[in-house]
């Protein structure tokens, strides 16, 4: 297992290098003079020179990159160009929002998608199966922001069951937090539930047709045990892969969902940063998002390996 | 000399006709093709299809619910939602088509060169592609728009760039197996240049799969474009976009038609593109019998 983890970590190095170069390039590639892009046309020459020196733009590109990377690795992602707040502090404040949203969506996807996928596989070609397939196909074509808007119209404006937008931290007001998180979590989790359901159905159908399942049934094992213990364990492997691979899409969904529901998360930080030309904040948030996605991908690979004993560790 | 040329063309025409016939026999593929064609038609002939001027302001019908005159209602300035959706289709079709075409060409050339030359070129190119693939699509698109500035062309470029790694990976994988086949070896033995082998011999063999992939990516590209427009980072007002219309709809919750119909346009178009992609994949799969 240690060798496998080490091998995967070594594979991550070039990927992380490319990611760091891309993120670093955000300020480097700004057309024209970056200080002009950041400060605006009305900035004086002195202000621009001061910013150039502050950002280290007067030094060679490689030196700038090495300095930026060294500081980033030490947890120093610079200061917001707008508020002067440390980007790492901004990230720390916003990360729990995005984490809660994406984790909630994953839990929802598993809780809804796996049982429905099993049901669709067991009742193949029934109306339940057809309905699940239709929902699964529609789910992948639903833009997150539209799902969110429809949920607000239904649950906040028509039924008046839930608040339409806002955020309070979980520890400050747990009930209020849960009320506010239901609709965003449903928004992000709906599409993923559809994918998980589709994948569970396909995987269960494949597993249920295999010899070891027939053997288990022939030995008199109860159907529930066959399905839940023998088949599901094997069917879960591709399901976990789908969840891992979809984390990126999930985070993309979180970006727009945070905008719809007015949540102060990492995605909102990127979008606000772009409008406010706060490139340090944009860089920091994107770096953390991508690092998070890569970490989840690594964890998925390790789960996959732990679950499937055919994979050599 | 003319006989081999005819022989070379004839099978490809047969393959095209067979794919078209199989696609029309594929139930969801047929629906996808028809809806996609309808959207493309509306986009191409928008001035003739739109019932009203999309920029025309009707002060007496501000935020009017759907009724006989304005089938899908009007917005906060009294503009016809249906006409704006049709004009928005123009933007979406253009962006999606051009972005995917750009990604198709760039990704195919990168994958072709990477797979064909192998070695250090392949290693470096693929590590770069892996790095880009590590970014969530929308987040990378946001990073690119952050650099280029929010507007329609930049959104299109961003969507093209985020799609390049997928095309490059697909083509590279196919090239790796094709480059060892006899017809490629024969072309090499006959003294054909690398460029000629890549473009004349290998590329035609992989292009079918790339077309299928392109049709499947079109749906994602549409949603990415709508997301960027929704966030205010795509086409800027007064150009109507489906995503932009939804963003405005969020300020007028009571006028539910402003939030429902543009979203429905995105959803149905994306669903149709998915169906079309699935249908094309099945139609071009030689393992599936007629």
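Residue numbers (this note's numbering), protein chains in the order written: chain A, 1 to 313; chain B, 1001 to 1290.
For each residue, glycine too, the CB sits at the ideal point set by N, CA and C.
- Of the candidates A:113, A:181 and A:118, the residue whose Cα lies closest to the Cα of residue 227 of chain A is A:118.
- The beta-carbon of residue 177 of chain A is placed no less than 9 Å from the nearest beta-carbon of chain B.
- If you ignore the 5 residues before and after residue 1145 of chain B, its C-beta comes within less than 7 Å of the C-beta of 1154, 1155, 1158, 1228 and 1233, all in its own chain and listed in chain order.
- Each of B:1076, B:1135, B:1205 and B:1070 was checked against the Cα of residue 15 of chain A, and the nearest Cα belongs to B:1135.
- The Cβ neighbour count for residue 1027 of chain B, taken over all protein chains shown within 10 Å, is under 16; the residue is labelled exposed.
- Residue 1074 of chain B is bridged by DSSP to B:1080.
- In this structure, residue 192 of chain A lies near residue 109 of chain A, with their beta-carbon atoms less than 9 Å apart.
- Comparing C-alpha distances from residue 1210 of chain B to each of B:1223, B:1023, B:1124 and B:1164 shows the shortest one belongs to B:1164.
- Residues of the region 1259 to 1270 of chain B with a C-beta less than 9 Å from any C-beta of chain A: 1259, 1260, 1262, 1263, 1264, 1266, 1267, 1268, 1269 and 1270, listed in chain order.
- The C-alpha of residue 1078 of chain B is placed about 6 Å away from the C-alpha of residue 1059 of chain B.
- It is roughly 51 Å from the alpha-carbon of residue 1250 of chain B to the alpha-carbon of residue 1177 of chain B.
- Only residues of its own chain outside the window of five on either side were considered, and among them 129 have a CB closer than 7 Å to the CB of residue 123 of chain A, listed in chain order.
- Taking 9 Å as the CB threshold, residue 1134 of chain B lines the interface with chain A.
- Secondary structure at residue 285 of chain A: helix, using DSSP grouped into helix, strand and coil.
- Interface with chain B (9 Å Cβ-Cβ cutoff): residue 255 of chain A is included.
- Taking C-alpha positions only, residue 8 of chain A is separated from residue 43 of chain A by approximately 47 Å.
- For residue 2 of chain A, the enclosing alpha helix (DSSP H) begins and ends at 2 to 28.
- Two segments are said to touch when three or more pairs of C-beta atoms, one from each, lie closer than 8 Å; by this definition the region 289 to 301 of chain A does not touch the region 176 to 194 of chain A.
- Against residue 1127 of chain B, the close residues of chain A are 14, 15, 17 and 18, in the order they occur along the chain (beta-carbon pairs closer than 9 Å).
- Residue 1245 of chain B does not reach chain A, its nearest Cβ partner there being about 11 Å away, counting only Cβ pairs nearer than 7 Å.
- The alpha carbon of residue 79 of chain A has as its nearest neighbour, out of A:55, A:178, A:297 and A:101, the alpha carbon of A:55.
- Interface annotation, residue 1230 of chain B: in contact with chain A, CB-CB separation under 9 Å.
- Non-local beta-carbon contacts of residue 152 of chain A in its own chain, meaning distances under 7 Å to residues more than five positions away in sequence, involve 164 and 183 in chain order.
- In summary, residue 258 of chain A is buried, with 16 or more beta-carbon neighbours lying within 10 Å of its beta-carbon over all protein chains present.
- By the Cβ-count criterion, residue 100 of chain A is buried, with 16 or more other Cβ atoms from all chains shown falling within 10 Å of its own Cβ.
- In terms of Cβ geometry, residue 289 of chain A and residue 1139 of chain B form a close pair [threshold 9 Å].
- Annotation: residue 1050 of chain B is outside any alpha helix (DSSP H) and is labelled neither H nor E by DSSP.
- In chain B, no part has a C-beta under 9 Å from the C-beta of residue 155 of chain A; the shortest such distance is about 12 Å.
- At the C-beta level, residue 1111 of chain B and residue 1030 of chain B stay beyond 9 Å of one another.
- Looking from the CA of residue 1048 of chain B, the closest CA among B:1035, B:1056, B:1083 and B:1195 belongs to B:1083.
- Boundaries cannot be given for residue 85 of chain A, as no alpha helix (DSSP H) includes it and DSSP labels it neither H nor E.
- Residue burial annotation: residue 283 of chain A is buried, with at least 16 other C-beta atoms found within 10 angstroms of its C-beta.
- Non-local C-beta neighbours of residue 1055 of chain B in its own chain, meaning closer than 8 Å and more than five positions away in sequence, comprise 1079 and 1238, ordered along the chain.
- Straight-line spacing of the CA atoms in residue 251 of chain A and residue 1244 of chain B works out to 21 Å.
- Using a Cβ-Cβ cut-off of 9 Å, residue 1159 of chain B is close to nothing in chain A; its nearest Cβ partner there is about 13 Å away.
- Residue 141 of chain A sits close to residue 1268 of chain B, with the two beta carbons spaced by under 9 Å.
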